[in-house]
Amino acid sequence: MNIAERLKDLRKEAGYSQEQVAELLNVSRQAVSKWESAQGYPDIENIVKLAQMYEISTDYLLLGKEPPARNAAEADISETVIPQSESQNKREMSPETKKTLRIIAIIVAIIGASALFTVFLIAALSVVERFLELTIRL
Numbered sequence: 062m063n064i065a066e067r068l069k070d071l072r073k074e075a076g077y078s079q080e081q082v083a084e085l086l087n088v089s090r091q092a093v094s095k096w097e098s099a100q101g102y103p104d105i106e107n108i109v110k111l112a113q114m115y116e117i118s119t120d121y122l123l124l125g126k127e128p129p130a131r132n133a134a135e136a137d138i139s140e141t142v143i144p145q146s147e148s149q150n151k152r153e154m155s156p157e158t159k160k161t162l163r164i165i166a167i168i169v170a171i172i173g174a175s176a177l178f179t180v181f182l183i184a185a186l187s188v189v190e191r192f193l194e195l196t197i198r199l
């Protein structure tokens, strides 16, 4: 069995459509179709995502190698490590983080605008002062 057949079998076993897999991986349905028909292959990032999604090893996905049997201690360790690494790989920010960053950006923009306004005000006052000095001399 090749990678294309494994991808198709895994998708069907998981009960996903090609469209659903595409949405989960942020790729087109056509890309998933090409992978399953051996007309193309997923990049390394998507191979890792597919392995995580189907809860299989990348070795099995790429080579068809079944992982060796694990003892209970190894299973406990991997189950506690995997969620941490998955959370570290997430690229999306939570809505709270986005809101906080927007507020910080607004505050920085206000401070920057205030500083710029102050510089222009000082420059304008200097020009007015110089004008008044020249006017008084006349």
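All you need for our numbering is the position in the sequence shown, starting with 1, plus 61. Glycine residues also receive a C-beta, built at the ideal position from the N, C-alpha and C atoms. Predicted model, so just to flag it, every value in this text is computed and none were measured.
Status (buried if at least 16 other CB within 10 Å, exposed otherwise) for residue i
| i | result |
| --- | --- |
| Glu74 | exposed |
| Leu162 | exposed |
| Val210 | Given that the chain is displayed from residue 62 to residue 199, the structure contains no residue 210 and the question cannot be resolved. |
| Leu68 | buried |
| Arg191 | exposed |
| Ser146 | Only weak support is given to the placement of Ser146: the predicted model assigns it a pLDDT of 48, under 50, and the value that follows is read from those uncertain coordinates. Counting Cβ neighbours within 10 Å, Ser146 comes out exposed, since fewer than 16 surround it. |
| Val189 | exposed |
Residue i, enclosing alpha helix (DSSP H) - first and last residue
| i | result |
| --- | --- |
| Leu68 | Ile64 to Ala75 |
| Leu199 | It is not in any alpha helix (DSSP H) - Leu199 carries neither H nor E in the DSSP assignment. |
| Gln91 | Arg90 to Glu97 |
| Asp104 | Careful: Asp104 lies outside any alpha helix (DSSP H) and carries neither H nor E. |
| Glu80 | Gln79 to Leu86 |
Spell out a yes or no on whether the region 63 to 78 and the region 89 to 109 are touching, meaning 3 or more CB-CB pairs, one atom from each, closer than 8 Å.
-> yes
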